[in-house]
Amino acid sequence: MNPEEKDEPQAPAQTTAERFDDDHYPAYTMGRAAEMLGTSAGFMRSLDEAGLIEPQRSAGGHRRYSRYQLRLAARVRELMDQGTALDAACRIVTLEDQLQEARDANRPQHPPGEPYPPLRGV
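Numbering (UniProt numbering), first residue to last: 1 to 122.
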């Protein structure tokens, strides 16, 4: 063991079940992702080329998708089925995702209906 490695804390390893509970874990192959969405591998590649989804790669170079990425892809597919062009659908999904992140970041940290704690020193 390298002495420098001793001081670095090690992140706890995730169990298989924890990985599948993680929305960002790349659990799905391109074929499986396309099958789940009722689309083609070419559609999944087009989302990568458009810059909406950047799948992780396996050791063998195969694309792997997370549940989060599949939700984005499903929304693009829904918009395209309604007649929206791919580039516009990707932009819409990106903006919807950014809006949701902003809402999550600004969500109150205390339970609704609970009074705020008293201010100290006032």
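Glycine included, every Cβ here is placed at the ideal spot set by N, Cα and C. Predicted model, so just to flag it, every value in this text is computed and none were measured.
* With respect to the beta strand (DSSP E) encompassing residue 107, which residues constitute its N-terminal and C-terminal limits? -> Taken as a continuous stretch (DSSP letters only), residue 107 belongs to no beta strand (DSSP E), as it is neither H nor E.
* Asked: Skipping 5 residues on each side, what residues in its chain have a beta carbon closer than 7 Å to that of residue 23?
  -> 66, 67, 68
* To do: Would you give the residue range spanned by the alpha helix (DSSP H) that residue 65 belongs to?
  => No alpha helix (DSSP H) holds residue 65; the beta strand (DSSP E) holding it covers 63-65.
* Three-state secondary structure (DSSP) of residue 3 -> Residue confidence for residue 3 is low, a pLDDT of 47 falling below 50, so the modelled location carries little weight; the figure read from the coordinates is stated next. Note: residue 3 maps to helix in three-state DSSP.
* **Same chain only: Cβ atoms within 6 Å of residue 5, ignoring 5 sequence neighbours per side** => At residue 5, the pLDDT of 49 sits below 50, so the modelled position is not reliable; the number obtained from the coordinates is stated separately. Result list for residue 5: empty, nothing under 6 Å.
* Can residue 34 and residue 27 be called in contact, C-beta distance under 7 Å? -> no
* To do: Pick helix, strand or coil for residue 82, following the three-state DSSP scheme.
  => coil
* **Separation of residue 118 from residue 92, as counted between CA atoms** => 42 Å
* Check whether the Cβ atoms of residue 88 and residue 80 lie closer than 7 Å to each other. => no
* Asked: Cα separation between residue 82 and residue 38?
  -> 15 Å
* Start and end of the alpha helix (DSSP H) containing residue 31? -> 30-37
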